[in-house]
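Residue numbers (the numbering used here): 75 to 336.
Written below as structure tokens is the structure these notes are about.
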Ligand code: IPE
Ligand code: IPE
Ligand code: MG
């Protein structure tokens, strides 16, 4: 009898989603994701890389929905880096088309779910069609307040830091700011991420353990989570796994463990 109950309990435990174990009070406000592995996923199936990107879009939808459901306020996705411009032209073109297409198709879903879409990155480098669709989508979704979905497009952290330094210099020369007042809070204000909190959790899929020029400044104290899963295979449960792991870490910010518990 005892065994029966124990095995019943064990199987109930197994069926329980990690979602139920997440602590609402400890939910990260901002999750950033380096969505990697689309190409390898497609190659593994004997398909072209773009097939991987197309399937990656489904994961974007699933993960956005999951984040909105559990109360994450900001989700930043690395979709195209400054360095990705050096990929074969045919892949770049296909990615840009996929992007414009997805923005157009998903607008009703964004509206229905109260999701505001924003962008960070060097927009002037994007094809005109893409820039226009970005403007339309941002404008349409600007009053949505359930969650912010931020796409990093033609983005790199070094690009952002360079434009921030340039603007700080210009404002210093113009007398708008005093060089003595330059501190980390001021630098925050000049970055394209100035309107959002820094991510508490950064996830990278595909097994690579590098940052690839993403949010260098903003992840100074983020918890890093790496998974072998390729982006098209990444599920809601994988996301809960990452958040569960995050919630069980001790974030010390330079202090000692004893200081935190007292
Ligand atoms: C990530 O997948 C998506 C983009 C960088 C646009 P990749 O295209 O980098 O896939 P892998 O890393 O080659 O497998
Ligand atoms: C990082 O992935 C950029 C995006 C996910 C958009 P990459 O696949 O381009 O990164 P590296 O070149 O392997 O570091
Ligand atoms: Mg990659």
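Yeah, the Cβ is synthetic: ideal placement off N, Cα and C, and Gly gets one too.
Same chain, Cβ closer than 8 Å to residue i, five either side skipped, listed in chain order
i	result
residue 159	166, 199, 228
residue 254	none
residue 290	231, 232, 235
residue 323	297
residue 142	187, 188, 189, 220, 221
Cβ shell of residue i (< 6 Å), same chain only, five flanking positions each side left out
i	result
residue 163	none
residue 115	126, 304, 306
residue 275	102, 105, 297, 320
residue 300	278, 283
According to DSSP, residues forming a beta bridge with residue i
i	result
residue 222	148, 190
residue 227	154
residue 106	150, 276
With 16 other Cβ atoms within 10 Å as the buried cut-off, status of residue i
i	result
residue 99	exposed
residue 112	buried
residue 175	exposed
residue 91	exposed
residue 327	exposed
residue 210	exposed
residue 207	buried
residue 97	exposed
residue 239	exposed
residue 312	buried
residue 133	buried
residue 244	exposed
residue 110	buried
residue 247	exposed
residue 182	exposed
residue 331	exposed
residue 294	exposed
residue 260	exposed
residue 292	buried
residue 325	exposed
residue 335	exposed
Helix, strand or coil at residue i according to DSSP, with G and I counted as helix
i	result
residue 299	strand
residue 155	strand
residue 127	helix
residue 284	coil
residue 98	helix
residue 265	coil
residue 242	helix
residue 276	strand
residue 330	coil
residue 176	helix
residue 92	helix
residue 251	coil
residue 304	coil
residue 113	helix
Spatially closest choice to residue i from the options, by CA coordinates
i	options	result
residue 178	154, 224, 124, 204	204
residue 268	107, 131, 195, 93	195
residue 95	330, 326, 327, 315	315
residue 186	270, 292, 221	221
residue 149	190, 120, 308	190
residue 214	202, 308, 188, 226	188
residue 93	309, 333, 129	309
residue 226	250, 197, 219	197
residue 129	173, 272, 155	173
residue 286	155, 168, 124	155
residue 131	144, 157, 180	180
residue 270	252, 122, 224	224
residue 237	262, 217, 123	262
Below-8 Å beta-carbon distance, residue i vs any chain B residue
i	result
residue 170	The structure shown contains no chain B; it holds only a single protein chain.
Cβ shell of residue i (< 7 Å), same chain only, five flanking positions each side left out
i	result
residue 241	264
Report task. Let me have the residue list for ligand 5: C-beta closer than 5 Å to any non-hydrogen atom, ordered along the chain. Result -> Of the ligands one can find in the structure shown, namely ligand 1, ligand 2 and ligand 3, none is ligand 5.
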